[in-house]
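Each residue of the sequence shown is one higher than the one before, starting from 1 at the first, in the UniProt record's numbering.
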Amino acid sequence: MDELRNSAALRRRERGRRRRQPQLRGGSVLALPLRSRKIRRHRKSAASRVAALRARALPSEDSDSKVEPAAGEREGPAERRENSRSAEPRPVPVRRRPASASVPRRGEGRAALSRDLGTPVPPPGPHANGPERPWESPLQQVLTELNGIPSSRRRAARLFEWLLAPMPPDHFYRRLWEREAVLVRRQDPSYYQGLFSTADLDAMLRHQDVHFGQHLDAARYVDGRRETLNPPGRALPATAWSLYQAGCSLRLLCPQAFSHSVWKFLAVLQEQFGSMAGSNVYLTPPNSQGFAPHYDDIEAFVLQLEGRKLWRVYRPRDPSEELALISSPNFSQEDLGEPVLQTVLEPGDLLYFPRGFIHQAECQDGDHSLHLTLSTYQRNTWGDFLEAVLPLAVQAAIEENVEFRRGLPRDFMDYMGAQHSDSKDPRRTAFMEKVRVLVSRLGHFAPVDAVADQRAKDFIHDSLPPVLTARERALSVHGLPVRWEDGELVDVGAQLTTETEVHMLQDGIARLVGEGGRLFLYYTVENSRVYHLEEPKCLEIYPQQADAMELLLRSYPEFVRVGDLPCDSVEDQLSLATMLYDKGLLLTKTPLALN
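Here it is as structure tokens:
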């Protein structure tokens, strides 16, 4: 709270200077219905420089891919809402891989992904069956495509487009996001191949430090009652698989901490949402159910990876549960009405439902199930934002406007309060009008930009570390050739000069925040894949470098010549660029030459 107050005070001193925030651009299906203030100097100079850079830039080669609307969506929203309530889910054709590609049998090994985004490597020996595949799965194909897209925001948009395909993202956000349950049938068991598998879970149990309760839960739902059967200590393979054999579902919490492929998938998508993207993996044995009916406080995307699972999804029972801010307790079957969706998910299918939608799932017919739930938008509402803004607005109003410091009427208790709520006393009417007028004035004092910066700082801390493309790795500090060889350092001496052209490593990896009259750049590149394992990381930006720092943040993905950074001296230009480059926050247009 002190940081917000300090930031708000800094913003009030520079009240008259504002800038427009850059906007991120986003790009068989069954939809189920449900009824700045400134922190630096020389604003016009930096803004004009960004405009000039963008005017000179060549047309982008990574424009958003086009997705045709799904067939059968000709009726209007009202008709769709009425018809879909009783409609049986119907598959819609989607793009299929080339006819020459073969679908792998369930249980076959998957190709692992290398450390650089989208570069496939041969399957690991213990899980490989047969010769190397002559084709890539749809997931591996899109990751390979992403590796060739220079802009991180375009990569995020493209991956989200792939996740929803064949539904266009703009249609999803405009009509379905936070409103509808959505089922996408693909009839392609290989669609998510390479993301996660039961073999991966087994390898984690054998080779990584997985603990019950902290990383892995064993639960079952029998006769209307949920049981959690977590033994103490490490989740050894024999113990975990014995619980699975006894009918327990295994829930792996935060698989991105263990799986490179899940980490890469989420790290790209978090830029699409502007909110932390997390996940859990659920492995359920045949003919069982692991969890009781409940609703969550997140937007949920269910990716069916293996096997089959029967899902039932229900609308919020009343308006207070719609877009819920906290997860529910477990419900009994008697608490539920008729499901708005009842369907069996198969490998490659996608199910989306908003927070507040009750859901339950079970395995039937002798098949196990493995699915990953991608979650986002937890406590990311207007209400959460205003909870932070309004106390600061009241404090600022009290400090700056005498009307907020005037005393209450001496006799207000004679006509205000619950016991007087039905009173027609004109003094009560005047009191209520005074409150309304003062509340309406709070917007003038609201430190909206300061609170937005604080939430952005929190998002930076929540974020996964970025995944680098081959280009980003080669042109950043990670690609410098300096090394120890034959008893000495070689290829030493690469340095930035005023002629070097640079831009930020990625679009969403850093945020400039004013705190206590100073400026700090918070960044994600040193974050852990374990949630909040590290404290927030930041660099102090000195006032004479503030314009240059903001220019770098706003000009992405266009390059800026170091000598064109709006600093007072060449020394300030080089010290800022070198500090950012050494921290892994900048990349150069061409590899640095050795002196």
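The beta carbon of each residue, even a glycine, is placed where N, CA and C say it ideally should be.
Legend entry - Residue interval of the beta strand (DSSP E) (run including Tyr314): In the sequence shown, the residue the question calls residue 314 occupies position 314. Tyr314 -> beta strand (DSSP E) spans Lys309 to Tyr314.
Legend entry - Test item: CB-CB of Ser151 and Leu195 under 7 Å: Counted from its first residue, the sequence shown places residue 151 at position 151. Counted from its first residue, the sequence shown places residue 195 at position 195. Not a contact, by the Cβ cut-off of 7 Å.
Inset, instruction - Indicate whether the contact test is met: 3 or more Cβ pairs, each with one atom in the region 183-198 and one in the region 346-361, closer than 8 Å. - result: yes
Inset, instruction - Look at the alpha carbon of Ser137 and the alpha carbon of Gln193, and state the distance between them as a whole number of angstroms. - result: Numbered from 1 along the sequence shown, position 137 holds the residue referred to as residue 137. Numbered from 1 along the sequence shown, position 193 holds the residue referred to as residue 193. Distance between the alpha carbons of Ser137 and Gln193 is about 6 Å.
Inset, instruction - Hey, could you find the ends of the beta strand (DSSP E) Ser369 is sitting in? - result: For this step, residue 369 is matched to residue 369 along the sequence shown. Element bounds for Ser369: Ser369 to Thr376.
Legend entry - Ser249 vs Ala219 beta-carbon contact at 7 Å: Working through the sequence shown from its first residue, we reach residue 249 at position 249. Working through the sequence shown from its first residue, we reach residue 219 at position 219. Taking 7 Å as the Cβ cut-off, Ser249 and Ala219 qualify as a contacting pair.
Legend entry - Three-state secondary structure (DSSP) of Ile520: By 1-based counting over the sequence shown, the position of residue 520 is 520. According to the sequence provided, residue 520 is Phe. The question's Ile does not apply to it. Three-state result, Phe520: strand.
Legend entry - For Tyr531, three-class secondary structure by DSSP: Counted from its first residue, the sequence shown places residue 531 at position 531. Three-state result, Tyr531: coil.
Legend entry - Given Gly479 as reference, the closest of Leu505, Asp209, Val437 and His211 once Cα atoms are compared: As a first step, residue 479 is located in the sequence shown; it is residue number 479 there, counting from the start. Of the candidates Leu505, Asp209, Val437 and His211, the one whose C-alpha sits nearest the C-alpha of Gly479 is Leu505.
Legend entry - Nearest residue (CA-CA) to Phe404, options Thr284, Asp200 and Val437: By one-based count along the sequence shown, residue 404 stands at place 404. Out of Thr284, Asp200 and Val437, Val437 has the C-alpha closest to the C-alpha of Phe404.
Inset, instruction - Quickly, what does DSSP pair Met504 with across the bridge? List them, please. - result: In the sequence shown, the residue the question calls residue 504 occupies position 504. Its beta-bridge partners are Leu586.
Inset, instruction - Have a look at the DSSP bridge pairing and note the partners of Trp484. - result: The count along the sequence shown starts at 1 and reaches residue 484 at position 484. Partner(s): Leu489.
Legend entry - Helix, strand or coil at Ala87 according to DSSP, with G and I counted as helix: Here residue 87 refers to the residue found at position 87 when the sequence shown is read from its first residue. With a pLDDT of only 37 at Ala87, under 50, the local geometry of the prediction cannot be trusted, and no value is derived from it.
Inset, instruction - Confirm, please, whether the CB-CB distance from Leu574 to Tyr523 is below 7 Å. - result: Here residue 523 is taken as the residue at index 523 of the sequence shown, counted from 1. Here residue 574 is taken as the residue at index 574 of the sequence shown, counted from 1. No, Cβ-Cβ distance for Tyr523 and Leu574 is not below 7 Å.
Inset, instruction - Answer yes or no: do Leu305 and Leu216 have a C-beta to C-beta separation smaller than 7 Å? - result: As a position in the sequence shown, residue 305 is number 305, starting the count at 1. As a position in the sequence shown, residue 216 is number 216, starting the count at 1. For Leu305 and Leu216, no; Cβs fall outside 7 Å.
Inset, instruction - Confirm, please, whether the CB-CB distance from Pro354 to Glu178 is below 7 Å. - result: For the purposes of this step, residue 178 is identified with residue 178 of the sequence shown, where counting begins at 1. For the purposes of this step, residue 354 is identified with residue 354 of the sequence shown, where counting begins at 1. Going by C-beta atoms, Glu178 is nearer than 7 Å to Pro354.
Inset, instruction - Just the C-alpha distance for Met549 and Leu594, rounded to the nearest angstrom, thanks. - result: Numbered from its first residue, the sequence shown carries residue 549 at position 549. Numbered from its first residue, the sequence shown carries residue 594 at position 594. If I take the Cα positions, the gap works out to 26 Å.
Inset, instruction - Out of Asn380, Val562, Arg308 and Gly514, state which residue places its alpha-carbon closest to the alpha-carbon of Gly274. - result: Looking up residue 274 in the sequence shown gives position 274. Nearest C-alpha to Gly274: Asn380.
Legend entry - Per DSSP, cross-strand counterpart(s) of Val281: Against the sequence shown, residue 281 aligns to sequence position 281. Bridge partners of Val281: Leu252 and Leu372.
Legend entry - Which of helix, strand or coil DSSP assigns to Arg410: For the purposes of this step, residue 410 is taken as the residue at position 410 of the sequence shown. In this structure, Arg410 counts as coil in the three-state DSSP scheme.
Inset, instruction - Please name the residue, chosen from Tyr314, Ala393, Asp202 and Ser288, that lies closest to Asp223 on a Cα-to-Cα basis. - result: Locating residue 223 in the sequence shown gives position 223, counting from the first residue. Cα-wise, what sits closest to Asp223 is Ser288.
Inset, instruction - Closer than 6 Å by C-beta to Gly493: which residues in its own chain qualify, once you throw out the five before and the five after it? Chain order, please. - result: Indexing the sequence shown from 1 puts residue 493 at position 493. Answer for Gly493: Leu594 and Asn595, listed in chain order.
Legend entry - Close-in-space but distant-in-sequence residues of the same chain around Leu592 (CB under 6 Å, 5 per side omitted): Stepping through the sequence shown from its first residue, residue 592 is reached at position 592. Answer for Leu592: Ala494, listed in chain order.
Legend entry - CB contact flag (Val340, Leu310, <7 Å): For the purposes of this step, residue 340 is taken as residue 340 along the sequence shown, with counting starting at 1. For the purposes of this step, residue 310 is taken as residue 310 along the sequence shown, with counting starting at 1. Taking 7 Å as the Cβ cut-off, Val340 and Leu310 do not qualify as a contacting pair.
Legend entry - Rounded straight-line distance, which links the Cα of Tyr282 to that of Cys254: For the purposes of this step, residue 254 is taken as the residue at position 254 of the sequence shown. For the purposes of this step, residue 282 is taken as the residue at position 282 of the sequence shown. Spanning the two alpha carbons is a distance of roughly 11 Å.
Legend entry - From Lys424, Leu163, Pro481 and Ala157, residue whose alpha carbon lies closest to that of Thr373: Position 373 of the sequence shown holds residue 373. Measuring from the Cα of Thr373, the nearest candidate turns out to be Leu163.
Legend entry - Reduced DSSP secondary structure (H/G/I, E/B, other) of Gln193: Here residue 193 refers to the residue found at position 193 when the sequence shown is read from its first residue. The answer is coil: DSSP assigns Gln193 none of H, G, I, E or B.
Inset, instruction - Answer yes or no: do Asn330 and Arg251 have a C-beta to C-beta separation smaller than 7 Å? - result: Working through the sequence shown from its first residue, we reach residue 330 at position 330. Working through the sequence shown from its first residue, we reach residue 251 at position 251. Result no, Cβ atoms of Asn330 and Arg251 do not sit closer than 7 Å.
Legend entry - Alpha carbon of Ala203 to alpha carbon of Phe258, nearest angstrom: The residue given as residue 203 occupies position 203 in the sequence shown. The residue given as residue 258 occupies position 258 in the sequence shown. Ala203 and Phe258: Cα-Cα distance of roughly 10 Å.
Inset, instruction - Taking only the alpha-carbon atoms, compute the straight-line gap between Arg206 and Asp547 and give it to the nearest angstrom. - result: As a first step, residue 206 is located in the sequence shown; it is residue number 206 there, counting from the start. As a first step, residue 547 is located in the sequence shown; it is residue number 547 there, counting from the start. Going from the Cα of Arg206 to the Cα of Asp547 covers about 51 Å.
Inset, instruction - Drop a sphere of 10 angstroms on the beta-carbon of Ser569, count the other beta-carbons inside from all chains shown, and report buried for 16 or more, exposed for fewer. - result: Locating residue 569 in the sequence shown gives position 569, counting from the first residue. With fewer than 16 other Cβ atoms within 10 Å, it is exposed.
Legend entry - Contact set for Thr500: own chain, Cβ-Cβ below 6 Å, skip 5 residues either direction: Within the sequence shown, numbered from 1, the residue matching residue 500 stands at position 500. The answer, listed in chain order, is Val562 and Thr588.
Inset, instruction - Count the CB pairs spanning the region 507-522 and the region 534-544 that are closer than 8 Å, and state whether there are at least three. - result: yes
Inset, instruction - Note down the Cα distance separating Gly407 from Met416, rounded to an integer number of angstroms. - result: One-based indexing of the sequence shown puts residue 407 at position 407. One-based indexing of the sequence shown puts residue 416 at position 416. Those two C-alpha atoms are separated by around 15 Å.
Inset, instruction - Decide yes or no for the touch test of the region 264-272 against the region 459-467: beta carbon pairs closer than 8 Å, at least 3 of them. - result: yes
Inset, instruction - May I have the straight-line CA-CA distance separating Pro231 from Phe212, to the nearest angstrom? - result: On the sequence shown, position 231 is the one that residue 231 refers to. On the sequence shown, position 212 is the one that residue 212 refers to. Each residue's Cα considered, the two are about 6 Å apart.
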